[in-house]
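Engineer:
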Amino acid sequence: TKPKEPELPLFFGWFLLPEEEERIKCATMDFLKTLDTLEAFKEHISEFTGEAEKEVDLEQYFQNPLHLHCTTKFCDYGKAEGAKEYAELQVVKESLAKSDELSVTALIVTPRIFGARVALTETQMKLWPEGEDKEGVAPALMPSVEALPMGSRAHVTLGCSAGVEAVQTGLDLLEILALQKEGKEGTQVEMDLGTLSYLSEGRWFLTLREPITADTTFSSFSD
Ligand code: ACK
Numbered sequence: 032t033k034p035k036e037p038e039l040p041l042f043f044g045w046f047l048l049p050e051e052e053e054r055i056k057c058a059t060m061d062f063l064k065t066l067d068t069l070e071a072f073k074e075h076i077s078e079f080t081g082e083a084e085k086e087v088d089l090e091q092y093f094q095n096p097l098h099l100h101c102t103t104k105f106c107d108y109g110k111a112e113g114a115k116e117y118a119e120l121q122v123v124k125e126s127l128a129k130s131d132e133l134s135v136t137a138l139i140v141t142p143r144i145f146g147a148r149v150a151l152t153e154t155q156m157k158l159w160p161e162g163e164d165k166e167g168v169a170p171a172l173m174p175s176v177e178a179l180p181m182g183s184r185a186h187v188t189l190g191c192s193a194g195v196e197a198v199q200t201g202l203d204l205l206e207i208l209a210l211q212k213e214g215k216e217g218t219q220v221e222m223d224l225g226t227l228s229y230l231s232e233g234r235w236f237l238t239l240r241e242p243i244t245a246d247t248t249f250s251s252f253s254d
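If you use my numbering, the sequence shown closes out at 254, no skipped numbers anywhere.
Below, the structure written as C-alpha cells:
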C-alpha cells in the first residue's frame, strides 16, 4: 500500500504570541476608539451605518478574529492551487515552529474590516508565495494589483463586521494601496499614532509614525 500523503492545513502563516496578541489588540483598539470620535470620520459615517446622523461604536462594529496572524499561504486543506507545492518547499519546512518578528506599518479600516498592514523583510518574502497577492482579486483591480510590489497584501486581520470573512482584509488593503498609488488620497488628519487618510467609500488608512513590531511563530493552522 502507498504511504498516506501528509494532510495539508487550512493555511500557513506567522502567529502572534499570546502576550503580543493582547498588546496589539489594546493598541489598535485605542485607535478605533479615537477614530469614531473624529469629525472627519463622522462626516463619512453613512458609509458605515447607511444613515447620515447615526453613530457607530467601532469597537462593537468589528468582531475579533480567534488568533491574530499573518497568512502566507491559504491552502484550504489542499484544495487551493499550489498548496501542496508550497507545503513541500524547503524554506517552509525549515521555518516551521521558528520565531520571527513582524513589523506593522499601517492600520486600515473599511465598512467591512479592520486590519494591520505588515511590511515583510527580504527573508520573510521567501515564505510569500508567488502570485498570492492576486488570489481572488476582481478583474477590474488586477492591473493595479500587478503594479504593486510583491507582498503588498501581507496583513493581520484585526476584526470583521457582521457577515464578512477575513479574506476581505487583504482585498481591501490592495484596493487602498492601488488608490494611493493613483494619488486618490483625500482628507489627512494628524493623530498620535501617525497620519490618517481617507480614500473614499469608507476607507481609512493610518500610516504609523513608528512601526509596531510583534513576535510570532511560523506555523500551519487547521480548524
Ligand atoms: O485574515 P486572513 O489572511 O484571511 O486569515 C484568514 C485565513 O486565510 C483563514 O481563513 C485567509 N483566507 C481565507 N480565504 C482565503 C483565500 N481565498 N485567499 C487568501 N487568503 C484567504 C483569511
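Glycine included, every Cβ here is placed at the ideal spot set by N, Cα and C.
1. What is the chain-ordered set of residues for which the beta carbon lies under 6 Å from any non-hydrogen atom of the ligand ACK?
2. Only counting runs of 4 or more residues, tell me where the alpha helix (DSSP H) segments fall wholly within the segment 83-134, in order along the chain.
3. Need the endpoints of the beta strand (DSSP E) that residue 187 sits in, please.
4. Tell me where the beta strand (DSSP E) around residue 148 begins and ends.
5. The alpha helix (DSSP H) spanning residue 81 covers which residue range?
6. On a Cα-Cα basis, can you pick out the residue from 41, 64, 242 that is closest to residue 106?
7. Quick check: what's the CA-CA separation for residue 179 versus residue 208?
8. In terms of DSSP beta bridges, what is residue 254 paired with?
9. Give the range of the beta strand (DSSP E) segment to which residue 220 is assigned.
10. Give me the residue from 127, 224, 177, 76 with the minimum Cα distance to residue 251.
11. Residue 254: beta carbon under 7 Å from a heavy atom of the ligand GDP?
12. Give me the DSSP bridge partner(s) of residue 159.
13. Count the CB pairs spanning the segment 234-242 and the segment 165-180 that are closer than 8 Å, and state whether there are at least three.
14. For the alpha helix (DSSP H) that contains residue 39, what are its first and last residues?
15. Please confirm whether residue 57 and residue 185 have their CB atoms less than 8 Å apart.
16. Would you mind giving the Cβ-Cβ distance between residue 134 and residue 246, rounded to the nearest angstrom? I have them listed as a contact below 8 Å.
Structural biologist: According to the structure data:
1. 41, 42, 102, 105, 166, 167, 188, 197, 198, 200, 201
2. 89-92, 114-119, 121-126
3. Residue numbering aside, residue 187 sits at position 156 when the sequence shown is read from its first letter. Residues 186-191.
4. The residue you call residue 148 lines up with position 117 of the sequence shown. Note, residue 148: beta strand (DSSP E), 144-150.
5. For the purposes of this step, residue 81 is taken as residue 50 along the sequence shown, with counting starting at 1. Residue 81 -> no alpha helix (DSSP H), and no H or E assigned at all.
6. Residue numbering aside, residue 106 sits at position 75 when the sequence shown is read from its first letter. Residue 41 is the option with its Cα nearest to residue 106.
7. Within the sequence shown, numbered from 1, the residue matching residue 179 stands at position 148. Within the sequence shown, numbered from 1, the residue matching residue 208 stands at position 177. Approximately 8 Å between the Cα atoms of the pair.
8. Working through the sequence shown from its first residue, we reach residue 254 at position 223. DSSP lists no partner for residue 254.
9. Residue 220 sits at position 189 when you count from the first residue of the sequence shown. Residue 220 -> beta strand (DSSP E) spans 219-221.
10. Taking the first residue of the sequence shown as position 1, residue 251 is located at position 220. Residue 127 is the option with its Cα nearest to residue 251.
11. Because the ligand GDP does not appear in the structure shown, any question about it cannot be addressed here, the ligands present being the ligand ACK.
12. Position 128 of the sequence shown, counting from 1, holds the residue named residue 159. Answer by DSSP bridge pairing: none, since residue 159 is not bridged.
13. no
14. Taking the first residue of the sequence shown as 1, we reach residue 39 at position 8. Segment: none, residue 39 is in no alpha helix (DSSP H) and carries neither H nor E.
15. Taking the sequence shown and counting its residues from 1, the one referred to as residue 57 is at position 26. Taking the sequence shown and counting its residues from 1, the one referred to as residue 185 is at position 154. Not in contact: residue 57 and residue 185 (Cβ atoms no closer than 8 Å).
16. To locate residue 134, count along the sequence shown from 1; it is residue 103. To locate residue 246, count along the sequence shown from 1; it is residue 215. Contact flag wrong, Cβ pair sits at about 11 Å.
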